[in-house]
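J.: Residue 166 in UniProt numbering sits at position 166 of the sequence shown; the count goes up by one each step and never skips.
Each residue gets a CB set at the ideal place from its N, CA and C atoms; glycine is no exception.
Just so we're clear, the structure is a prediction, and the values are computed from it rather than from any experiment.
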Amino acid sequence: MTNLSGKVALVTGGASGIGYSIVQSLLKANIKVAVADLNSEKLRDMEEAHKGNLIGCVTNVTKEADIENLVNKTVETFGGLDYAFNVAGASKAGAIIDQSVEDWDFTVDLCLKGVFLSVKHEARYMKDHGGGAIVNIASLNAHVPMFYGAAYSSAKAGVEMLTKNAALELAQNNIRVNAILPGLVATPLTSGLTNVEAINEAYMERIPMRRAGDPDEMAGPALFLVSDDASYVNGASLIVDGAWAVSGYPDLSKFM
């Protein structure tokens, strides 16, 4: 990829999983990074390990004031903002007929509203400072429904459309916005499923590459999308799933 050295990025949900891998890849590329997460202890450890190159910001991405503070702190510390990676997400699963409004709101607010607020304030800064590039982490579930995952799948479908709409609106401001749609990735959030042998086997039956992705395998595509090598890629959805999308979703209902 074109040299990214000297740029400034922020990553939401950057203390674990895909976000953490993106942070590590950014640091290796000599990019200054602001990491947003709720895990204050992990953020302190990351700051200590990368003094001068990384700051941690305790951030609830569903709170607009927190996102405003994140962008302001990034700019104040590192002098700008070139790239943003909106990764924060989680899910409270449940069948549609049983799911509580509270669990639905938790999932949709975190996965969709959090991305909306992030893009809003990242783009506000970039618009007035020459542009930039934003990558939103959606999911294969934006295209493929999942048993007991209506809230998550709906929110991630929303992230994909939000990405396309943002690309449409912001292209005139030299801001590119793209999405990555991961399949099954080995992270703490998926371990509750993949640690159950029968469920893991059901996934493997549907994934032609017969394994979960590694978080680092999401970081490479994410950095590509903000690089100049992707300078004409805008409003795109990059599926990174080991060919899962061509095979279909496993029937998890028998395990619930």
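Could you tell me if alanine 222 is buried or exposed, where buried requires 16 or more neighbouring beta carbons within 10 angstroms of its beta carbon?
T.: Under this definition alanine 222 is a buried residue.
J.: So what does DSSP say about aspartate 241, is it helix, strand or coil?
T.: In the structure shown, aspartate 241 sits in coil (DSSP, three-state: anything other than H, G, I, E or B).
J.: Measure from the alpha carbon of leucine 140 to the alpha carbon of each residue in Asn60, Ala65, Ala9, Arg206, then state which is nearest.
T.: Here the closest residue by C-alpha is Arg206.
J.: Please state whether the Cβ-Cβ distance between valine 240 and methionine 218 is less than 8 Å.
T.: For valine 240 and methionine 218, yes; Cβs fall inside 8 Å.
J.: Out of Gln99, Asn69, Gly242, Leu70, state which residue places its alpha-carbon closest to the alpha-carbon of phenylalanine 147.
T.: It is Gln99 whose Cα lies nearest to the Cα of phenylalanine 147.
J.: Quick one: Cα of asparagine 69 to Cα of phenylalanine 106, how far?
T.: Computed Cα separation, rounded: 22 Å.
J.: Would you mind reading off the limits of the beta strand (DSSP E) that contains tyrosine 83?
T.: Note, tyrosine 83: beta strand (DSSP E), 83-86.
J.: Grouping DSSP H, G and I as helix and E and B as strand, with all else coil, what is asparagine 69?
T.: The answer is helix: DSSP assigns asparagine 69 an H, G or I state.
J.: For the segment 89-97 against the segment 41-53, are there 3 or more C-beta pairs whose distance is under 8 Å?
T.: With a cut-off of 8 Å, the segment 41-53 and the segment 89-97 do not count as touching, because too few Cβ pairs lie within range.
J.: Starting from arginine 176, follow its DSSP beta bridges and name the residues at the other end.
T.: Bridge partners of arginine 176: Ala133.
J.: Taking one C-beta from the segment 126-135 and one from the segment 110-117 each time, how about it: are there three or more such pairs within less than 8 Å?
T.: No, they do not touch.
J.: With a floor of 3 residues, list each beta strand (DSSP E) that falls wholly inside the segment 103-170, ordered by position along the chain.
T.: Complete beta strand (DSSP E) runs here, min 3: 132-137.
J.: Report yes or no: do three or more beta-carbon pairs, one from the segment 197-215 and one from the segment 149-166, lie closer than 8 Å?
T.: No, because fewer than three Cβ pairs between the segment 197-215 and the segment 149-166 fall closer than 8 Å, the two stretches do not touch.
J.: Which class does isoleucine 18 belong to by DSSP, given the choice of helix, strand or coil?
T.: Note: isoleucine 18 maps to helix in three-state DSSP.
J.: Excluding the 5 residues flanking alanine 171 on each side, which residues of the same chain have their C-beta closer than 7 Å to its C-beta?
T.: If we look at alanine 171 and ignore the five residues flanking it on each side, its Cβ neighbours are Asn234.
J.: Roughly how many whole angstroms lie between the Cα atoms of histidine 121 and histidine 143?
T.: Cα to Cα, histidine 121 sits roughly 27 Å from histidine 143.
J.: Determine which residues share a DSSP beta bridge with threonine 77 and list them.
T.: DSSP output for threonine 77 lists no bridge partner at all.
J.: Looking at C-beta atoms only, is the number of pairs between the segment 76-96 and the segment 25-37 that lie closer than 8 Å three or more?
T.: Yes: the two stretches touch, three or more of their Cβ pairs being nearer than 8 Å.
J.: Report yes if the C-beta distance between valine 87 and glycine 14 is below 8 Å; otherwise report no.
T.: Cβ distance < 8 Å, so valine 87 and glycine 14 count as in contact.
J.: Name the residue from Ser247, Ser231, Leu225 whose alpha carbon lies nearest to the alpha carbon of leucine 26.
T.: Selected option, being the one with the closest Cα: Leu225.
J.: Where does glutamate 102 land, buried or exposed, given buried means 16+ other C-beta within 10 angstroms?
T.: By the neighbour-count rule (16 or more Cβ atoms within 10 Å), glutamate 102 is not buried but exposed.
J.: Looking at the structure shown, is valine 23 part of a helix, part of a strand, or coil, going by DSSP?
T.: Helix, per DSSP.
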